[in-house]
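These notes are about the structure you will find just below.
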Amino acid sequence: MHMEAVLKFSSQHPKPAGLILQYGTAGFRSRAEHLDHVMYRMGLLAVLRSKKTKSVIGVMVTASHNPEEDNGVKLVDPLGEMLAQEWEVYATDLANAEEQGLPSVLNDIIQKESIDIKQEAFIAIGRDTRPSSTVLSSAVIDGVTALASKFHDYGLVTTPQLHYVICCRNTNGRYGQPTVDGYYQKLSKAFNDLVKQDPGCGDKSICLTVDGANGIGALKLKEMEQYLQSALSVKLYNDGSEGKLNFQCGADYVKVQQKPPEGIEKKPGERCCSFDGDADRIVYFYNDDAGNFHLLDGDKIATLISTFIKELLVQIDLNLKMAVVQTAYANGSSTRYLENVMKVPVYCAKTGVKHLHHKAQEFDIGVYFEANGHGTVLFSRTAEEQIRQLVSSEITDDKRKAAKMLVNTIDLINQTVGDAISDMLVIEAILCLKRLTVQKWDEIYTDLPNRQLKVKVADRKVIETTDAERRTTTPAGLQEKVDYLVKNYNLARAFVRPSGTEDVVRVYAEADTQENADALAYEVSLAVYELAGGVGEVPKPLR
Ligand code: 16G
Ligand code: MG
43 MHMEAVLKFS SQHPKPAGLI LQYGTAGFRS RAEHLDHVMY RMGLLAVLRS
93 KKTKSVIGVM VTASHNPEED NGVKLVDPLG EMLAQEWEVY ATDLANAEEQ
143 GLPSVLNDII QKESIDIKQE AFIAIGRDTR PSSTVLSSAV IDGVTALASK
193 FHDYGLVTTP QLHYVICCRN TNGRYGQPTV DGYYQKLSKA FNDLVKQDPG
243 CGDKSICLTV DGANGIGALK LKEMEQYLQS ALSVKLYNDG SEGKLNFQCG
293 ADYVKVQQKP PEGIEKKPGE RCCSFDGDAD RIVYFYNDDA GNFHLLDGDK
343 IATLISTFIK ELLVQIDLNL KMAVVQTAYA NGSSTRYLEN VMKVPVYCAK
393 TGVKHLHHKA QEFDIGVYFE ANGHGTVLFS RTAEEQIRQL VSSEITDDKR
443 KAAKMLVNTI DLINQTVGDA ISDMLVIEAI LCLKRLTVQK WDEIYTDLPN
493 RQLKVKVADR KVIETTDAER RTTTPAGLQE KVDYLVKNYN LARAFVRPSG
543 TEDVVRVYAE ADTQENADAL AYEVSLAVYE LAGGVGEVPK PLR
């Protein structure tokens with residue numbers, strides 16, 4: 043190993059004394075000025091991971107929906123998945139090692155993983171539009187260079203674009219061309235072909251207002267527009283030309299605040315969507331004639347997409363098992379609708395894309411979405427092959443049309459990770475093909491009123507959960523108390539979990555009315571404060 047070079051480069055990326063960071067749910071996230079050494083070291087780790095897997099590994103510099111001043115880094119595994127969980131601890135060890143200790147941490151990983159250090163490595167790097175991302179991604183490059191490895195810097199890309207190119211590179215182009223242009227070509231061809239199945243969907247008939255969160259998604263959607271000649275016309279706001287990234291805009295703002303982003307003009311009934319800062323999440327919304335805001339979140343998206351796919355599956359008559367994977371945050375109405383009306387099996391996974399993705403891989407077709415708008419559809423290799431084969435076999439025209447539409451859907455969806463641009467195109471195609479207005483889509487089921495709150499406690503690790511985070515096992519008495527509180531309301535549900543990205547405990551409650559959801563959320567917060575060592579202000583009733 044090139045330990046001298048590692049130390050030499052490292053001195054240009056010193057670790058602030060005493061700083062301890064964790065590889066969290068989606069990588070490291072912090073204030074940008076705390077991350078230079080982390081980036082350098084993730085360059086080193088990516089090389090080891092690349093040697094271990096004998097594949098191209100990705101490093102994405104972004105802090106997603108977090109404020110512009112923050113930044114972060116996530117590693118992308120060979121098929122475009124998130125870094126294997128067993129390696130997260132290496133990432134944390136490396137990030138927190140004192141400088142002189144770096145060689146021994148690296149050697150430890152090499153030994154534990156039996157890495158052949160002579161194996162070649164190749165790293166693909168991407169970054170979002172944050173001002174700090176340029177210098178931070180060059181720190182990643184220094185890490186790769188210190189270990190004498192090769193890289194390709196994709197520069198400004200959305201997170202899902204980087205996941206896409208990684209998958210392409212490691213499957214010899216079977217997934218597509220490993221370039222941003224290849225991404226545009228693959229998705230736009232699939233979209234144009236899909237909407238062409240219906241003559242009513244041509245000629246810019248689809249018009250959509252997009253909030254780009256002043257981020258990379260806006261930039262990339264602009265680049266892509268020329269490829270989408272046939273059907274879609276986009277009105278892009280918060281395109282980054284003046285506003286601040288994620289500030290009063292973007293998918294997270296819209297979902298959490300339950301209100302439209304600043305800086306967009308929209309008429310009643312007009313369909314709008316918001317991307318987050320690295321374009322791996324999307325939510326839809328509109329205002330009704332009375333001016334009331336309506337949000338269509340990940341649950342509504344999962345319902346729309348899985349219904350569409352299920353209808354096509356019925357037509358082509360293949361025996362494929364489809365399921366929807368949600369988290370505890372999924373609105374109870376969506377789960378009930380999917381299970382009882384659509385007869386689609388629904389599973390609950392822990393929060394965080396890696397958990398949902400993993401569960402979704404168990405089915406022929408696994409649709410997964412977090413309520414916050416992150417999600418995609420996974421098709422197993424055999425399911426995909428069966429569907430593709432059907433198109434060229436002896437079947438009725440109707441069946442062939444359905445099979446073709448499924449093939450287009452497979453090609454349109456970014457199966458590596460949730461992707462705002464790809465999800466948007468899938469949704470727009472479905473709405474057009476099914477002649478659904480955003481109001482009609484919204485009316486498929488009615489969300490139960492819900493409320494999310496945060497509680498500060500001395501140590502959030504005192505809360506341990508089970509059953510995909512729907513129940514707590516510690517501290518003693520908390521779950522019993524939550525159960526007792528929930529019983530006082532109709533259609534109610536509540537749960538408590540420690541955040542994986544912030545130093546808080548999160549509380550979720552839903553019930554038959556907003557008033558009841560608010561009251562229940564407050565009561566549960568108080569229980570957390572009292573039983574889990576709350577600090578600072580005691581939670582107050584919301585009304
Ligand atoms: C991260 C996760 C997101 C999850 C959120 C929960 C990825 C790519 N992102 O942003 O899926 O919903 O964390 O945050 O996995 P929390 O633990 O603070 O509630
Ligand atoms: Mg994101």
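Note that this note's numbering has the sequence shown beginning at 43, numbered continuously upward.
Just so you know, even glycine gets a beta-carbon here, dropped at the ideal spot from N, CA and C.
Since this is a predicted model, take the numbers as computed values, not measurements.
Every unbroken beta strand (DSSP E) inside the stretch 208-269 [3 residues or more]: Runs of the beta strand (DSSP E) inside the stretch 208-269: 248-253.
Segment contact flag, the stretch 427-439 with the stretch 453-470, C-beta cutoff 8 angstroms, min 3 pairs: A contact between stretches requires three or more CB pairs, one per stretch, nearer than 8 angstroms, and the stretch 427-439 fails this requirement with the stretch 453-470.
Please classify Tyr196 as buried or exposed, where buried requires at least 16 other C-beta atoms within 10 Å of its C-beta. Buried, because 16 or more other Cβ atoms sit within 10 Å of the Cβ of Tyr196.
Compute the minimum distance between the beta carbon of Ser72 and the heavy atoms of the ligand MG, and state whether it is under 6 angstroms. Distances taken from the Cβ of Ser72 to the heavy atoms of the ligand MG include none shorter than 6 angstroms.
Where does Met102 fall in DSSP's three states? Three-state result, Met102: strand.
Decide if Gln521 is buried, meaning its Cβ has at least 16 other Cβ atoms within 10 Å, or exposed. It counts as buried.
Using only CA atoms, which one of Glu304, Lys297, Leu274 and Gln271 lies nearest to Gly285? Per the Cα distances, Glu304.
Can we count His587 as close to the ligand 16G, meaning its CB is less than 6 angstroms from some heavy atom? There is no way to answer for residue 587, as the model of the chain reaches only from 43 to 585.
Output yes or no for whether 7 angstroms exceeds the beta carbon distance between Ile248 and Ala273. Closer than 7 angstroms, so yes.
For Phe317, list the residues DSSP reports as bridge partners. Answer by DSSP bridge pairing, in chain order: Ile324.
Proximity test, Arg323 beta-carbon vs the ligand MG heavy atom, cut-off 6 angstroms: Result yes, Cβ under 6 angstroms from the ligand MG.
Under the three-state reduction of DSSP, which class applies to Ile62: helix, strand or coil? The DSSP-derived three-state label of Ile62 is coil.
At least three beta-carbon pairs within less than 8 angstroms, the stretch 336-344 to the stretch 320-327: Judged by Cβ distances under 8 angstroms, the stretch 336-344 makes contact with the stretch 320-327, as three or more pairs qualify.
N- and C-terminal bounds of the beta strand (DSSP E) containing Gln521: Run containing Gln521: none in the beta strand (DSSP E); it sits in the alpha helix (DSSP H), Leu520 to Val528.
On the DSSP letters alone, give me the boundaries of the alpha helix (DSSP H) that Ser375 sits inside. Annotation for Ser375: the continuous alpha helix (DSSP H) segment containing it runs Gly374 to Arg378.
Taking C-alpha atoms, which residue in Lys262, Asp184 and Asp341 lies nearest to Ala413? Answer by Cα proximity: Asp341.
Any contact between the stretch 50-58 and the stretch 151-159? By contact I mean 3 or more CB pairs, one from each, below 8 angstroms. Too few Cβ pairs lie closer than 8 angstroms, so no.
Report yes if the CB atom of Arg211 is closer than 7 angstroms to the CB atom of Val386, and no otherwise. Going by C-beta atoms, Arg211 is not nearer than 7 angstroms to Val386.
Going by DSSP, what residue range makes up the alpha helix (DSSP H) through Ser295? The residue you asked about is not Ser; residue 295 is Tyr in the sequence shown. Taken as a continuous stretch (DSSP letters only), the alpha helix (DSSP H) holding Tyr295 covers Ala293 to Gln299.
Is any heavy atom in the ligand MG found nearer than 6 angstroms to the beta carbon of Ser106? Yes - the ligand MG has a heavy atom lying nearer than 6 angstroms to the Cβ of Ser106.
Could you name the residues that DSSP lists as bridge partners for Lys45? Correcting the residue identity first, residue 45 is Met in this sequence and not Lys. When DSSP reads this structure, Met45 sits in no beta bridge, so it has no partner.
Alpha carbon of Gly576 to alpha carbon of Gly282, nearest angstrom: Straight-line Cα distance between these residues: approximately 39 angstroms.
Identify the continuous alpha helix (DSSP H) that holds Phe597 and give its terminal residues. Here the chain comprises residues numbered 43 to 585, so residue 597 is not present and cannot be evaluated.
Where does Thr516 sit, in a helix, a strand or coil, going by DSSP? In this structure, DSSP gives Thr516 an extended state, which the three-state scheme calls strand.
CA-to-CA distance, Glu141 to Glu579, given in whole angstroms: A direct Cα-to-Cα measurement between Glu579 and Glu141 gives close to 40 angstroms.
Less than 7 angstroms between C-beta atoms, sequence neighbours within five positions excluded: which residues of the same chain meet that for Ser52? Tyr82, Glu141 and Leu144, listed in sequence order.
With Ala569 and Val499 assumed to form a contact (beta carbons below 8 angstroms), what rounded beta-carbon distance in angstroms separates them? Actually they do not touch by this definition, with Cβ atoms about 12 angstroms apart.
Which same chain residues end up closer than 6 angstroms to Arg493 when comparing Cβ atoms and leaving out the 5 residues on each side of it in sequence? Annotation for Arg493: Ala551, Ala559, Asp560 and Ala563 place their beta carbon closer than 6 angstroms to its own, counting only its chain and skipping 5 residues before and after.
At a cut-off of 6 angstroms, is Asp484 close to the ligand MG when judged by its beta-carbon and the heavy atoms of the ligand? No; taking the cut-off as 6 angstroms, the Cβ of Asp484 has no heavy atom of the ligand MG nearer than that.
Distance, Cα to Cα, Ala139 vs Tyr487? Distance between the alpha carbons of Ala139 and Tyr487 is about 51 angstroms.
Check whether the Cβ atoms of Gly122 and Thr200 sit closer than 7 angstroms, and answer yes or no. With respect to the 7 angstroms criterion, Gly122 and Thr200 are not classified as neighbours on the basis of their beta carbons.
Alpha carbon of Val367 to alpha carbon of Leu229, nearest angstrom: Rounded to whole angstroms, the separation of the alpha carbons of Leu229 and Val367 is 24 angstroms.
Return the CA-CA distance between Val409 and Asn373, expressed in angstroms with no decimal places. The straight-line gap separating the alpha-carbon atoms of Val409 and Asn373 is approximately 16 angstroms.
Helix, strand or coil at Arg493 [DSSP, three-state]: In the three-state scheme derived from DSSP, where H, G and I count as helix and E and B as strand, Arg493 is classed as strand.
Cβ neighbours of Tyr65 in the same chain (closer than 6 angstroms, five flanking residues each side left out): Within the same chain, Glu130, Ala133 and Thr134 come within 6 angstroms of Tyr65 by CB-CB distance, once the 5 residues on both sides are set aside.
Proximity to Ile452 [Cα-Cα], best of Ala553, Glu426 and Lys93: For the options Ala553, Glu426 and Lys93, the alpha carbon positioned closest to that of Ile452 is the one of Glu426.
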